[in-house]
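Notes to accompany the following structure.
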Amino acid sequence: MHVYLPIAEMSASVLVFLGLGAAVGFLSGLFGVGGGFLLTPLLIFLGIPPAVAVGTGAAHIVASSVSGAYTQFQRNNVDVRMGVVMLLGGLVGTYVGVEVVRMLRRAGHFDVAVSLLYVTFLGVIGTLMLIESIKTLRSPATGKPASRRHSGQHNWVDGLPMKMRFTRSKLYISAIPPAIIGMFVGFLAALMGVGGGFVMIPAMIYLLRMPTAVVVGTSLFQIVFVAAFAVLLQAIQNRTVDVVLALLLICGGVLGAQFGSMAGEKLRGDQMRVLLAALVVIVALRMAVDLVVMPAELFSFSGRL
Amino acid sequence: MRLRLAIVACLALATAPPVFAQDAARPPEAVEADVSTRSVSITSSFTGTEIIVFGTVENSRQPSAEAGTYDVVVVVEGTPLPVIVRKKARVGGLWVNAESVRFASFPSYYAIASTRPIDEFAEPEQQRKNEIGFDHIRMVPAGRTYIGPADPRETIEFREAVIRLKERDRLYVMAEHGVIFIGRSLFRATITLPPNVPVGPLTARVMLFKDGALLSSYQSKVTMEREGLERFLHDSAFDRPVLYALTTILLAALAGLAAALAFRRATAT
Chain V
1 MHVYLPIAEM
11 SASVLVFLGL
21 GAAVGFLSGL
31 FGVGGGFLLT
41 PLLIFLGIPP
51 AVAVGTGAAH
61 IVASSVSGAY
71 TQFQRNNVDV
81 RMGVVMLLGG
91 LVGTYVGVEV
101 VRMLRRAGHF
111 DVAVSLLYVT
121 FLGVIGTLML
131 IESIKTLRSP
141 ATGKPASRRH
151 SGQHNWVDGL
161 PMKMRFTRSK
171 LYISAIPPAI
181 IGMFVGFLAA
191 LMGVGGGFVM
201 IPAMIYLLRM
211 PTAVVVGTSL
221 FQIVFVAAFA
231 VLLQAIQNRT
241 VDVVLALLLI
251 CGGVLGAQFG
261 SMAGEKLRGD
271 QMRVLLAALV
281 VIVALRMAVD
291 LVVMPAELFS
301 FSGRL
Chain Z
306 MRLRLAIVAC
316 LALATAPPVF
326 AQDAARPPEA
336 VEADVSTRSV
346 SITSSFTGTE
356 IIVFGTVENS
366 RQPSAEAGTY
376 DVVVVVEGTP
386 LPVIVRKKAR
396 VGGLWVNAES
406 VRFASFPSYY
416 AIASTRPIDE
426 FAEPEQQRKN
436 EIGFDHIRMV
446 PAGRTYIGPA
456 DPRETIEFRE
466 AVIRLKERDR
476 LYVMAEHGVI
486 FIGRSLFRAT
496 ITLPPNVPVG
506 PLTARVMLFK
516 DGALLSSYQS
526 KVTMEREGLE
536 RFLHDSAFDR
546 PVLYALTTIL
556 LAALAGLAAA
566 LAFRRATAT
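Heads up: the protein sequence lines correspond to chains V and Z, in order. Using the working numbering, the letters of the first sequence map in sequence onto residues 1 to 305. Using the working numbering, the letters of the second sequence map in sequence onto residues 306 to 574.
Have a look at this one:
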């Protein structure tokens, strides 16, 4: 069964895209990640124009993060104040990101820019994760993650002005670092079609030293709104949100995610981390190959713009 | 059409030398044709379609369908659109788009069917004049916007690339024996519109050749429009992007919430 995608302007197999949504949803449920970093490259491999893949990916992130954010909010694991500060930065970052997408598309460099960003981020993060998770796997006795919060230790973050009290996180810090983190994540959401949890969560833990309990909830809270804003701007500025494609991916995705999280409960965490890291590295390598190896077809053309 | 035929016939009679009077008395051949569908609708279930171009050679002197007295060329063309063609080059180890050439117009779709390979019956000059064959597709380079070293041979390379890419996407199609005579005068050709066909009006041209000369031609329009839900969604995205985006966000959020609630209920029971 096929359906015509109104924005991608192609006929697509319903089963393929439902299946893709389900597979990515399963992995995101299994590993507890957003899945945007897998979805966007896979959509591109399947022939969806990169800009449409990124724009539609943002809609998928709204769906996949809203359920997590809702659950975390009910468990009181969201630092709303922190989330709003990050969100304000995120909106600015998204706006800038969407403008950059428009400029890059006009210049014909968007496809390469997306690949480069993916290769860089996934390559670095995947490799770091892989090294760390293999170490943990090899020495299960000492494999406990080191204590992340060193109370009494100061870093440059403490010297910044505009201090705010974040009750839920038990922090009294400047609003500037969270806003900048949010801004950066918004920028990535616009350019890469990802939620940016892979950047935000480490930054919140190591830079802001937020308690781990509220990190996931707060980042999901922020991602929902940033992704929604990205959908809005991409639709207005670039006309790259395909609602039919988004619904196919979301329907598959929300179901897949539930099965994924069920499966995740039965697997060992440290083994799963190795798998996830390997997956991230594979996606990065696959995109790197396309950038470095001489393409079979040097020419491309675009009609609009 | 009738009137023109009549005039042509009269002229032929008037100017023909008396020796050939008998031959000239036979009215000249002309082509009459039509398209099976005058409008193609792109709906949500659109997976490509076929249109049949059929016609007849009036006053055919062909003894049988297989005689090959006449050659018929059918060309179905899409709307001419501006195109930017980019060529990748290695920059710092990475393959990035470097040079680009703009064409002010390039048909979005071009299908050609003929009774036999066009080179066998039409001279290059004839092909060029009638814009038949991939080498003679009308393309207009956008003069000043050309970027890169100003070498016209380079433009040819870019032009050929568009044709190659369009052929790969089955948007430029050539069927060298695609026109079939069914009787002495009746012929037909099937033109396939792939699922990725760019939406816009099509022009169908039918040309009748004999001994390398164009005897008669016919032209018709086929409209192609989005219909139903597909049209509604596309128009919304372009005319009311804010509403379109908000609806998409709402649907996405509802789907996510519904899944979260349904799942919780499932685990609770």
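Ideal Cβ positions, reconstructed from N, Cα and C, are used throughout, including at glycine. Predicted, not measured: the structure shown is a model, and the values here were computed from it.
Taking a beta-carbon distance threshold of 8 Å, Pro500 (chain Z) counts as an interface residue toward chain V. Under DSSP, the beta-bridge partners assigned to Gly360 (chain Z) are Z:Ala338, Z:Phe492. In this structure, Ile554 (chain Z) and Ala59 (chain V) form a Cβ contact; the two beta carbons are roughly 7 Å apart against a cut-off of 8 Å. Secondary structure note for Lys392 (chain Z): its beta strand (DSSP E) is the uninterrupted segment 385-396. Secondary structure of Arg366 (chain Z) (DSSP, three-state): coil. Within the stretch 480-535 of chain Z, the complete beta strand (DSSP E) segments of 3 residues or longer fall at 484-486, 491-498, 507-515, 518-531, listed in chain order. Here Tyr95 (chain V) carries a helix assignment [DSSP, helix/strand/coil].
In the structure shown, Leu275 (chain V) falls within a helical segment according to DSSP collapsed to helix, strand and coil. Note that the stretch 486-504 of chain Z does not touch the stretch 426-442 of chain Z; fewer than 3 beta-carbon pairs, one per stretch, sit closer than 8 Å. Taking a beta-carbon distance threshold of 8 Å, Val401 (chain Z) counts as an interface residue toward chain V. Legend: CB atoms of the stretch 405-416 of chain Z lying less than 8 Å from CB atoms of chain V belong to residues Ser405, Ser413. Neighbours of Thr553 (chain Z) across chain V, judged by C-beta separation under 8 Å: Ala59, Val231, Ala235, Val241, Val243, Ala246. With respect to the 8 Å criterion, Gly483 (chain Z) and Ser419 (chain Z) are classified as neighbours on the basis of their beta carbons.
Residues of the stretch 341-353 of chain Z with a Cβ closer than 8 Å to any Cβ of chain V, in chain order: Ile347, Thr348, Ser349, Ser350, Phe351, Thr352, Gly353.
A Cβ-Cβ distance of about 5 Å is found for the pair Met287 (chain V) and Val119 (chain V), placing them in contact under the 8 Å criterion.
Within the stretch 468-487 of chain Z, those residues whose Cβ lies closer than 9 Å to any Cβ of chain V are, in chain order, Arg469, Leu470, Lys471, Arg473. Look at the stretch 398-434 of chain Z and you find these whole runs of beta strand (DSSP E), each 3 residues long or longer: 399-412, 415-419. Taken in chain order, the unbroken stretches of alpha helix (DSSP H) that lie wholly in the stretch 214-284 of chain V and span 4 residues or more are 243-266. Within the DSSP bridge table, the entry for Pro446 (chain Z) names Z:Phe408 as partners.
A residue is called buried when at least 16 other Cβ atoms come within 10 angstroms of its Cβ; Met1 (chain V) does not meet this threshold and is exposed.
Taking C-beta separations shorter than 6 Å and ignoring five residues to either side along the sequence, the partners of Asn364 (chain Z) in its chain run Pro332, Glu334, following chain order.
Taking 8 Å as the Cβ-Cβ cut-off, the stretch 377-389 of chain Z approaches chain V at Leu386, Pro387, Val388, Ile389, given in chain order. Shortest Cα-Cα distance from Thr384 (chain Z) to any of Z:Val547, Z:Glu530, Z:Leu556 involves Z:Glu530. As DSSP reads the structure, Asp474 (chain Z) sits in no beta bridge.
Taking the Cα positions, Phe17 (chain V) is about 47 Å away from Asp158 (chain V). Not flagged as an interface residue toward chain V: Leu507 (chain Z), since no C-beta distance is shorter than 8 Å. Nearest CB-CB separation between Ala427 (chain Z) and chain V: not below the 8 Å threshold. Residue contact with chain Z for Gln72 (chain V): absent (no Cβ-Cβ distance below 8 Å to any residue of chain Z). For Gly108 (chain V), a Cβ of chain Z is located within less than 8 Å of the residue's own Cβ. Per DSSP, the unbroken beta strand (DSSP E) holding Val378 (chain Z) starts and ends at 376-382. In this structure, the CA atom of Leu171 (chain V) is about 14 Å from the CA atom of Val85 (chain V).
Residue contact check for Val547 (chain Z) against chain V: a CB pair falls below 8 Å. With a 10 Å radius around the Cβ and a threshold of 16 neighbouring Cβ atoms, Ser344 (chain Z) comes out exposed. Between Ala277 (chain V) and Leu128 (chain V), the alpha-carbon positions lie close to 8 Å from each other.
For Gly360 (chain Z), none of the residues of chain V pass the 8 Å Cβ criterion, the least Cβ distance being about 30 Å. Here the C-alpha atom of Asn238 (chain V) lies approximately 13 Å from the C-alpha atom of Val96 (chain V).
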